[in-house]
Amino acid sequence: MACKGENTPSFEEVARRTSELCMVAEKYAPDLDSICYVIGTEVPIPGGETETIDTLQVTSPDRLDRTIETHIQAFKEKNLQAALSRIVSVVVQPGVDFSHTAVTQYSKSSAKKLVDQLSKYKDIAFEAHSTDYQQTTGLANLVADHHLFLKVGPELTFALREALFLLAKIEDELFKDKASNLIQVVFKTMDNNPKDWINYYHGSIDEQQFLKHYSYSDRIRYYWDHPDVNSAINKMIKNLDNVDIPEFVISQFFGIATNEQNNETARSLIKSRIQYVVDRYYNACGFDR
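Numbering follows the numbering used here, in which position 62 of the sequence shown is assigned residue number 986; successive positions increment by one, without gaps.
Here is the structure:
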């Protein structure tokens, strides 16, 4: 990815810069056997897509070859042959991404040529970005197709937002006039400090409000540590910690069977919501949680 004002760098230039960084790592790493390298630059726009995704271009076999081979050459030119064995993965676009309102799910058939091409290279796997919101079967297929690293971020904070909003609804039911008004506070804060969403959410005021609430891009994540919002979160949790939340109320808002989950707290409900996302990745890798 080019920096501001820079032309898109060539494969050779990317490899040269990578080798220079690698030289420093090889020189100063306290334990070379404990480090590994991921090469390649096929990463999405920082912060997420700003527009609807019409089509996704899966990394071509030729692009994979050029990425790997230019890095091998650049490493050799700097006498980094030993470091070549520490390259474990290459970043690719396997055909997964998400926009504000839609998710492009992984297709084994669309990625087949890319996956087949990897067999040319020993001990190198793929890294995939923006695997958030993939179906669990899709994550498992990515793993089966040699994606060693599955990058996830907004889906975790999306789950956090879901939990916080649900707890705010419970708080409204139990505390009425003494509630934290978390949802109102966070949106007032977003309106007063729009820099983290204004360039992403377009359309009418109502459309922007809808995206601020529910977008997969989850730009709201940049506001949870704002002092006003953080204060409201702490007040909400303190309120809920001072009562035993009825199980039937938890079931109403969180949609979970609570007869085997006694003594749920605000924090445990937040954690379980996020853990559900993490568990999908464990399950995709064949691990039980």
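Every residue, glycine too, gets a C-beta built ideally from N, C-alpha and C.
Phe-935 versus Glu-966, Glu-1171, Asp-957 and Asp-955, residue with shortest Cα-Cα distance: Glu-966
Determine the closest residue to Ser-1155 out of Gln-1108, Phe-1099, Ser-1192 and Gln-1059, with distance taken between C-alpha atoms. Gln-1108
Residues bridged to Thr-875 [DSSP beta-bridge criterion]: Past the edges of the chain, shown from 925 to 1213, lies residue 875, and the structure says nothing about it.
Range of the contiguous beta strand (DSSP E) that encloses Glu-1051: 1049 to 1052
Go ahead and label Asp-1062 buried or exposed: buried means 16 or more other beta carbons lie within 10 angstroms of its beta carbon, across all protein chains shown. In the sequence on display, residue 1062 carries Gly and not Asp. By the neighbour-count rule (16 or more Cβ atoms within 10 Å), Gly-1062 is buried.
Sequence ranges, alpha helix (DSSP H) only - wholly within the region 937 to 1022, length at least 4: 985 to 1001 and 1005 to 1008
Suppose the cutoff is 7 Å on Cβ atoms and the five residues either side in sequence are ignored; what does the same chain contact list for Asn-1105 look like? Ala-1156
Hey, how far is the Cα of Lys-1136 from the Cα of Phe-1111? 8 Å
List the DSSP bridge partners of Leu-1074. Ala-1052
Reference Ala-1006, options Phe-1211, His-1126 and Lys-951, closest by Cα: Lys-951
When the distance is taken between beta carbons, is Tyr-1138 closer than 8 Å to Gln-1132? no
Residues near Arg-1204 in its chain [Cβ-Cβ closer than 7 Å; skip 5 each side]: Thr-1060 and Leu-1063
Starting from Asp-1040 and walking both ways along the alpha helix (DSSP H), at which residues does that stretch end? 1032 to 1041
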